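Position one of the sequence shown corresponds to residue 4 (the working numbering), numbered consecutively onward.
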Amino acid sequence: MAEPLVDIVARSIYISLAAALIAFTFGALISLLMLVTPRRLSEMLIGVFDALVGAPTVVVGLIVYMLIYPGGPLGFLKLLYTPTALVVSQALVALPIVVTLLYRYFEQLWSDVKELVLSLGAPAGKVYPLILRESPPALIAVYLIAFSRAIGALGAVMVVGGGIEGLTSVMTTAIALEVLLGNYEYALALGGILVMLTVGLSIVARAIGGLVWR
Numbered sequence: 004m005a006e007p008l009v010d011i012v013a014r015s016i017y018i019s020l021a022a023a024l025i026a027f028t029f030g031a032l033i034s035l036l037m038l039v040t041p042r043r044l045s046e047m048l049i050g051v052f053d054a055l056v057g058a059p060t061v062v063v064g065l066i067v068y069m070l071i072y073p074g075g076p077l078g079f080l081k082l083l084y085t086p087t088a089l090v091v092s093q094a095l096v097a098l099p100i101v102v103t104l105l106y107r108y109f110e111q112l113w114s115d116v117k118e119l120v121l122s123l124g125a126p127a128g129k130v131y132p133l134i135l136r137e138s139p140p141a142l143i144a145v146y147l148i149a150f151s152r153a154i155g156a157l158g159a160v161m162v163v164g165g166g167i168e169g170l171t172s173v174m175t176t177a178i179a180l181e182v183l184l185g186n187y188e189y190a191l192a193l194g195g196i197l198v199m200l201t202v203g204l205s206i207v208a209r210a211i212g213g214l215v216w217r
């Protein structure tokens, strides 16, 4: 008998919320640090992150797997086929798009705010607080995008989680498994919920982001 749909949906949401928070936190820190790196280096780094946005999620899962499988460097942590492995893999999937979006936004805001701060005779250290004060709508939009990216990942979570019922089964892996088993109605129900979540979040994020970035 298939696992209750509500359990899979709830597990998918809380795992992706955690993954998006990790990706968002590290992505924001990386973006802010890139603002004060030499221009040529920051442009090279953002080019790398731009390219990684489209990286196959299964490759991300493979990299995480090689790190945490029993014979890997982090195998002693026994993370393979656990919800933690899913969180880590989804966070890595979402990280590039977080860095790309936040860096572009911070870069534009940095130039505007820095000129204002310096023209008023305030120290340059006041720029960061002002940037963060002006950024809540953009930060919310980027977090929602990160969540949408994380919850839609399949390859990464399948490799490191295995889709174990009651433990690491999330919507994407459950859909793939139920299709293979011929449980099309169940798979369609999960697919419909996943689509509504991702599309709804994308619309909200675009609406918030449009107010900020237009």
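Each residue gets a CB set at the ideal place from its N, CA and C atoms; glycine is no exception. None of the values given here were measured: they were computed from a predicted structure.
Within its chain, find whatever has a CB closer than 6 Å to the CB of residue i; leave out the 5 residues flanking it on each side and keep chain order.
i	result
L55	P99
V108	According to the sequence as given, residue 108 is Tyr; it is not Val. Excluding residues within five positions, the ones whose Cβ falls inside 6 Å are A141.
G166	S172, T176 and L180
L197	M174
A94	A22, I25 and A26
G75	M69
Can you list, in chain order, the residues of its chain with a C-beta nearer than 7 Å to that of residue i? Leave out the 5 residues immediately preceding and following it.
i	result
L228	No information on residue 228 is available, as it lies outside the stretch 4 to 217 that the chain covers here.
G105	Position check: residue 105 holds Leu in this sequence, whereas Gly was assumed. Same-chain partners within the cutoff: G30, A31, S34 and V145.
A23	A97, Y146, A149, F150 and A153
G78	I71 and Y72
L82	I71 and A88
S15	I154, V173 and M174
L80	I71
Since residue i and residue j should fall inside the 8 Å C-beta cutoff, what is the C-beta to C-beta distance between them, to a whole number of angstroms?
i	j	result
V145	F29	Not a contact, Cβ separation roughly 12 Å.
T85	T171	7 Å
I18	L89	5 Å
G158	G64	5 Å
V211	I143	For the record, residue 211 in the displayed sequence is Ile; it is not Val. I211 to I143, Cβ: 6 Å. Contact.
E6	G169	6 Å
G52	T103	The sequence shown places Phe at residue 52, rather than the Gly named in the question. About 5 Å separates the two Cβ atoms, so the contact holds.
E110	L36	Their Cβ separation, rounded to whole angstroms, is 12 Å, which puts E110 and L36 out of contact at 8 Å.
Report all residues from its chain with a CB closer than 8 Å to the CB of residue i; omit the five preceding and five following residues, and keep chain order.
i	result
T201	S151, I154 and G155
I11	S172, V173, M174, A177 and L193
V218	An answer regarding residue 218 cannot be provided, because it is not within the stretch 4 to 217 covered by the chain.
Y187	E181
Open item on the list: Within 8 Å, do at least three Cβ pairs link the region 39 to 47 to the region 196 to 212?
Closed with: Result no; under three Cβ-Cβ pairs closer than 8 Å.
TODO: Pair every Cβ in the region 31 to 43 with every Cβ in the region 183 to 198, then say whether three or more of these pairs are closer than 8 Å.
DONE: The region 31 to 43, when compared against the region 183 to 198, does not touch it at the 8 Å Cβ threshold.
Open item on the list: I want to know whether the region 173 to 188 touches the region 107 to 115 - three or more CB-CB distances under 8 Å.
Closed with: Remark: fewer than three beta-carbon pairs, one from each stretch, lie closer than 8 Å, so the region 173 to 188 and the region 107 to 115 are not flagged as touching.
Open item on the list: In chain order, what are the residue ranges of uninterrupted beta strand (DSSP E) at least 3 long that sit wholly in the region 64 to 110?
Closed with: Fully enclosed beta strand (DSSP E) runs of 3 or longer: not present.
Open item on the list: Just to confirm the assignment: which complete alpha helix (DSSP H) runs, minimum length 4, are found wholly within the region 133 to 178?
Closed with: For the alpha helix (DSSP H) assignment, the uninterrupted runs of no fewer than 4 residues enclosed by the region 133 to 178 are, from N- to C-terminal side, 139 to 154 and 158 to 164.
Task: Uninterrupted beta strand (DSSP E) stretches inside the region 175 to 202 (no shorter than 3 residues) - done: Along the region 175 to 202, the beta strand (DSSP E) does not occur as any fully enclosed run of 3 or more residues.
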